[in-house]
Amino acid sequence: MEEKSIYRRVTHGSEPYNYLKERMISEVRRTVYIHINLDQLTHNINVLRSMLQPKTGIIGVVKAGAYGHGSVIISHHLKSIGVERLAVGIVDEGIHLRKHHVKGPIHVLGNIQSWEMHDCLRYNLIPNVSDETAILGMVDALNNLKTSKGDVDGNIDYESLGIKRHAANSNGISRGFGTDLDFVRPGSYMYGLPPDNSDEFKAFGISPIARMVAYPTLIKRVPKDTNIGYSSSYKTDKEENIAVFSFGYADGYCRNLTNKGFVIREKTGERCPVIGRVCMDAITVRVPEDTTLSESFTIISADYDPLTSLTGIADTVGGLVFELAANLSKRLPRLYTTRENHWNTSVRALSQNIY
Ligand SMILES: *Cc1c(COP(=O)(O)O)cnc(C)c1O
Numbered sequence: 012m013e014e015k016s017i018y019r020r021v022t023h024g025s026e027p028y029n030y031l032k033e034r035m036i037s038e039v040r041r042t043v044y045i046h047i048n049l050d051q052l053t054h055n056i057n058v059l060r061s062m063l064q065p066k067t068g069i070i071g072v073v074k075a076g077a078y079g080h081g082s083v084i085i086s087h088h089l090k091s092i093g094v095e096r097l098a099v100g101i102v103d104e105g106i107h108l109r110k111h112h113v114k115g116p117i118h119v120l121g122n123i124q125s126w127e128m129h130d131c132l133r134y135n136l137i138p139n140v141s142d143e144t145a146i147l148g149m150v151d152a153l154n155n156l157k158t159s160k161g162d163v164d165g166n167i168d169y170e171s172l173g174i175k176r177h178a179a180n181s182n183g184i185s186r187g188f189g190t191d192l193d194f195v196r197p198g199s200y201m202y203g204l205p206p207d208n209s210d211e212f213k214a215f216g217i218s219p220i221a222r223m224v225a226y227p228t229l230i231k232r233v234p235k236d237t238n239i240g241y242s243s244s245y246k247t248d249k250e251e252n253i254a255v256f257s258f259g260y261a262d263g264y265c266r267n268l269t270n271k272g273f274v275i276r277e278k279t280g281e282r283c284p285v286i287g288r289v290c291m292d293a294i295t296v297r298v299p300e301d302t303t304l305s306e307s308f309t310i311i312s313a314d315y316d317p318l319t320s321l322t323g324i325a326d327t328v329g330g331l332v333f334e335l336a337a338n339l340s341k342r343l344p345r346l347y348t349t350r351e352n353h354w355n356t357s358v359r360a361l362s363q364n365i366y
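Start counting the sequence shown at 12; every next residue gets the next number (our numbering).
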């Protein structure tokens, strides 16, 4: 699929969200998006750097669509702030980055099979090796390829195939493990996602880089004793105002938030409860009487709030924060911003953009 038109940099000086809402509706045709703050990503990386020895480099882990944040723009941003290496989970993710002009060393963390060596060479991806058999297998595969490598692209960086020592994920780094090796491989830390809601992790001064925002698509005043949604899991106590938002579990909003989730009315900061079932494409929320369709709501907050953050939601549903992040669906538009109000939007979202 043609993706050239997806990434566009637009400059816009005025209040962002009115503009964005218009764009979301007219171009992406959605009333919900994920706002990714690239400056926060820069900040998290700086915090991380301060914990490493000067000689230790960073391999930015961008597997699983950069933990749901969208690997292409995250990768370009990481490179622009001097993160010298990237890592993906599978070869296909690495190919995707190359096709979107991401340069420099890209490691593949998963176990590479010998039949994948050809693509590793062609796209200059660095296979991970964890034991001697794998190394020997790889050397074998490489030798076979070298004698018949008709369609291998030029400029292979054999140097970077040299074996480096790296270890330590975010958790390890925050405990001081591996911070003096050649490289460390943080993932969750960069995105500001702690493995749990413990304060230990938050004390380092990182924050989540993503928040989810939505506008209601319908608000209805309903009488007392109205059953809301499928299988009538909620019945109104009194006359209530119910807002429908057009996203649901198909977007990665957990079905287990049925009658448990909360969203924030941005105008006032009020917490509004999700009532009734989370459906595939919709949720229903009890809102104050004066709520209008043009008001934005924070669906997932970029903090560690016990009710509305991804970490809080993970606690509520008994899930893992990374699982929730990675499951944020490709059909949710991702909107990338930096300080100067440069909207680096991925319009049409990652809907066409599988990683
Ligand atoms: C995913 C992954 C990481 C990053 O882990 P985080 O806990 O997200 O920092 C590091 N190393 C390997 C091998 C991985 O698969």
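Cβ atoms here follow ideal geometry from the backbone N, Cα and C, with glycine treated the same way.
Just verifying my parser: in three-state terms, what is the DSSP assignment at residue i?
i: Thr-229; result: Note that residue 229 is Leu in the sequence shown, not Thr. Leu-229 falls in the strand class under three-state DSSP.
i: Thr-322; result: helix
i: Ile-310; result: strand
i: Leu-97; result: strand
i: His-46; result: strand
i: Lys-249; result: coil
i: Leu-120; result: strand
i: Phe-273; result: strand
i: Asn-364; result: Low confidence applies to Asn-364: its pLDDT is 49, below 50, so where it sits in the model is not reliable, and the reading given next is rough at best. In this structure, Asn-364 counts as coil in the three-state DSSP scheme.
i: Cys-265; result: coil
i: Leu-136; result: strand
i: Cys-283; result: strand
i: Thr-67; result: coil
i: Tyr-200; result: helix
i: His-353; result: Annotation note: pLDDT 48 at His-353 (below 50); position unreliable, coordinate value reported separately. Three-state DSSP puts His-353 in a strand.
i: Ala-337; result: helix
i: Arg-222; result: strand
i: Leu-346; result: strand
i: Asn-180; result: coil
i: Val-150; result: helix
i: Arg-109; result: helix
i: Ala-254; result: strand
i: Arg-288; result: coil
i: Arg-410; result: Beyond the ends of the chain as shown, which are 12 and 366, falls residue 410; an answer cannot be given.
i: Ile-239; result: strand
i: Lys-213; result: helix
i: Val-332; result: helix
i: Asp-164; result: The pLDDT assigned to Asp-164 is 38, lower than 50, so where the model puts this residue is not dependable; a value taken from the coordinates is nonetheless given after this. Asp-164: coil per DSSP, three-state reduction.
i: Arg-297; result: strand
Apart from the five residues just before and just after residue i, which ones in its own chain have a Cβ nearer than 6 Å to its Cβ?
i: Gly-203; result: Asn-55, Ile-217, Ser-218, Pro-219, Ile-220
i: Pro-317; result: Gly-323
i: Thr-327; result: Lys-271
i: Val-332; result: Leu-204, Leu-321, Thr-322, Ala-325
i: Glu-127; result: Val-102
i: Ile-310; result: Met-223, Ala-225, Val-274
i: Gly-183; result: Gly-189
i: Ser-86; result: Val-73, Leu-97, Leu-108, Val-113
Straight-line CA distance for residue i to residue j?
i: Lys-249; j: Val-274; result: 21 Å
i: Asp-162; j: His-129; result: A caution first: Asp-162 carries a pLDDT of 36, below 50, which makes its placement in the model unreliable, though a value can still be read off. Spanning the two alpha carbons is a distance of roughly 10 Å.
i: Thr-67; j: Ile-45; result: 32 Å
i: Val-1; j: Pro-299; result: No answer is possible for residue 1: it lies beyond the span of the chain, which begins at 12 and ends at 366.
i: Arg-266; j: Thr-295; result: 12 Å
i: Ile-117; j: Leu-343; result: 26 Å
i: Glu-95; j: Tyr-245; result: 52 Å
i: Glu-1; j: Phe-258; result: Beyond the ends of the chain as shown, which are 12 and 366, falls residue 1; an answer cannot be given.
i: Ser-82; j: Arg-109; result: 11 Å
i: Gly-287; j: Ala-254; result: 11 Å
i: Ile-123; j: Asn-135; result: 14 Å
i: Leu-346; j: Ile-47; result: 6 Å
i: Thr-53; j: Arg-60; result: 10 Å
i: Lys-231; j: Asp-301; result: 11 Å
i: Pro-234; j: Ala-336; result: 37 Å
i: Val-285; j: Val-150; result: 56 Å
i: Ser-242; j: Val-58; result: 48 Å
i: Asn-238; j: Lys-341; result: 32 Å
i: Thr-228; j: Gly-240; result: 16 Å
i: Leu-120; j: Pro-197; result: 12 Å
i: Ser-125; j: Ile-137; result: 13 Å
i: Gly-329; j: Ala-293; result: 22 Å
i: His-107; j: Asn-338; result: 19 Å
i: Tyr-260; j: Leu-49; result: 26 Å
i: His-111; j: Leu-97; result: 14 Å
i: Val-289; j: His-88; result: 34 Å
i: Leu-268; j: Glu-38; result: 29 Å
i: Arg-297; j: Asn-252; result: 6 Å
i: Gly-263; j: His-80; result: 13 Å
Spatial neighbours of residue i within its chain, please: C-beta separation below 8 Å, excluding the five flanking residues on both sides.
i: Tyr-226; result: Lys-32, Thr-42, Val-43, Phe-256, Leu-304, Ser-305, Glu-306, Ser-307, Phe-308
i: Ser-185; result: Met-62, Tyr-200, Glu-211, Phe-212, Phe-215
i: Asp-236; result: Lys-246, Thr-247
i: Lys-114; result: Lys-90
Keeping to the same chain, check which residues put their C-beta closer than 7 Å to that of residue i; ignore five residues upstream and five downstream.
i: Arg-282; result: Phe-273, Ile-275, Leu-318
i: Asp-191; result: Gln-64, Thr-67
TODO: Using the beta-carbon of each residue, find all residues closer than 5 Å to any heavy atom of ligand 1 and list them in chain order.
DONE: Val-72, Leu-120, Asn-180, Ser-181, Arg-196, Pro-197, Gly-198, Ser-199
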